[in-house]
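S.K.: Structure provided below as structure tokens; questions to follow.
Numbering (our numbering), first residue to last: 57 to 303.
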């Protein structure tokens, strides 16, 4: 009926969408399997496409904003009948640049229907993204040295690709208590390259060093302050922490 089509264009009695994922915990580079379920409303509607966005919350100019890290095209045009149903299975790969998720800065998948002359229905699903196993090993060295993670923050930076970096703030305990006031780790991924800056602050003074390596060959590609060092990054950072230096 024309009346129901008019209401559907305003989002009343329109098609709805629900995305189901196989699992909720992933690593960067993982494959995510899922299925999109569409339920028709009170009138048939032409769906031009189904889109899926991988979204990361970041801070820009002291305001939190959503950044689309990657978009996926899931379906071409189809007609959803009134009260009908339609489903579309999908398989997508998370980029290696996907940051670790946190409560303050979540990572989520947003699915939507593109329907002309109507309010597009959408569905949002949070996912838990963990650091890659190797980066976890690197970060574990800092925890083993007595540093306690207390904040994760994603900050916009147009000099980075993607245009943000992740900042991990730690408080010192153990032998580092009183030696430094705070430690901050800045992490940025660019493809299979990992870039990590470690900054130790004490009484408004700081010591900072840069580490970067390739995911495929950490030991053979490690650079510390632009110097090529043939050493496993985990071992190098462990030595650094034992000597209380950043070089």
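Backbone N, C-alpha and C fix where the C-beta goes; we use that ideal spot for every residue, glycine too. Remember, predicted model here, so these are calculated numbers, not experimental data.
For the alpha helix (DSSP H) containing residue 198, name the first residue and the last one.
M.R.: Per DSSP, residue 198 belongs to the alpha helix (DSSP H) from 189-200.
S.K.: Starting from the C-beta of residue 227, find all residues in its chain whose C-beta is less than 6 Å away, skip the five residues before and the five after it, and write them out in chain order.
M.R.: Cβ within range, chain order: 204, 206.
S.K.: Take residue 195 and list the residues in its own chain whose beta-carbon comes closer than 7 Å to its own, dropping the five residues that flank it on each side.
M.R.: The answer, listed in chain order, is 187.
S.K.: Count the other C-beta atoms from every protein chain shown that fall within 10 angstroms of the C-beta of residue 286, then say buried if there are 16 or more, exposed otherwise.
M.R.: Residue 286 should be labelled exposed.
S.K.: In chain order, which alpha helix (DSSP H) runs of at least 4 residues are fully inside the region 221-292?
M.R.: Counting whole runs of 4 or more residues, the region 221-292 contains the alpha helix (DSSP H) stretches 274-277.
S.K.: With DSSP as the reference, label residue 295 as helix, strand or coil.
M.R.: Here residue 295 sits in helix by DSSP.
S.K.: Applying the criterion that 16 or more other CB atoms from any shown protein chain within 10 Å of the CB defines a buried residue, is residue 160 buried or exposed?
M.R.: When all chains shown are included, residue 160 counts as exposed.
S.K.: Please go through the same chain and pick out, in chain order, the residues whose beta-carbon is closer than 7 Å to the beta-carbon of residue 105, but skip the five residues on each side of it.
M.R.: Excluding sequence neighbours, residue 105 sits near 129, 131, 132, 133, 170.
S.K.: Should residue 231 and residue 248 be called a contact, given that it needs their Cβ atoms to be closer than 8 Å?
M.R.: No, they are not a contact pair.
S.K.: Taking 8 Å as the threshold (C-beta atoms), are residue 241 and residue 256 in contact?
M.R.: No, Cβ-Cβ distance for residue 256 and residue 241 is not below 8 Å.
S.K.: Are there 16 or more other CB atoms within 10 angstroms of the CB of residue 245, so buried, or fewer, so exposed?
M.R.: Under this definition residue 245 is a buried residue.
S.K.: Between the alpha carbons of residue 184 and residue 222, how many angstroms are there, rounded?
M.R.: Straight-line Cα distance between these residues: approximately 15 Å.
S.K.: Using C-beta distances below 7 Å, list every residue in its chain close to residue 181, excluding the 5 sequence neighbours before and after it, in chain order.
M.R.: Excluding residues within five positions, the ones whose Cβ falls inside 7 Å are 75, 77, 164, 165.
S.K.: Where does the unbroken beta strand (DSSP E) through residue 178 begin, and where does it stop?
M.R.: Start and end: 178-185.
S.K.: Candidates 266, 71, 238, 261: which alpha carbon is nearest residue 98's?
M.R.: Among 266, 71, 238, 261, the Cα nearest to that of residue 98 belongs to 71.
S.K.: Distance check for residue 113 and residue 124, CA to CA, integer angstroms please.
M.R.: Rounded to whole angstroms, residue 124 to residue 113 spans 9 Å at the Cα level.
S.K.: Excluding five sequence neighbours on each side, which residues of the same chain lie with their C-beta closer than 7 Å to the C-beta of residue 135?
M.R.: Around residue 135: 100, 102.
S.K.: What is the DSSP secondary structure of residue 214, reduced to helix, strand or coil?
M.R.: DSSP places residue 214 in coil when its eight states are reduced to three.
S.K.: Between residue 94 and residue 156, which are expected to be in contact by the criterion C-beta below 8 Å, what is the C-beta distance as a whole number of angstroms?
M.R.: Not quite, the Cβ-Cβ distance comes to about 32 Å (not below 8 Å), so this is no contact.
S.K.: Under 8 Å, do residue 126 and residue 151 count as touching if we go by C-beta distance?
M.R.: Their beta carbons are under 8 Å apart, which means residue 126 touches residue 151 by this criterion.
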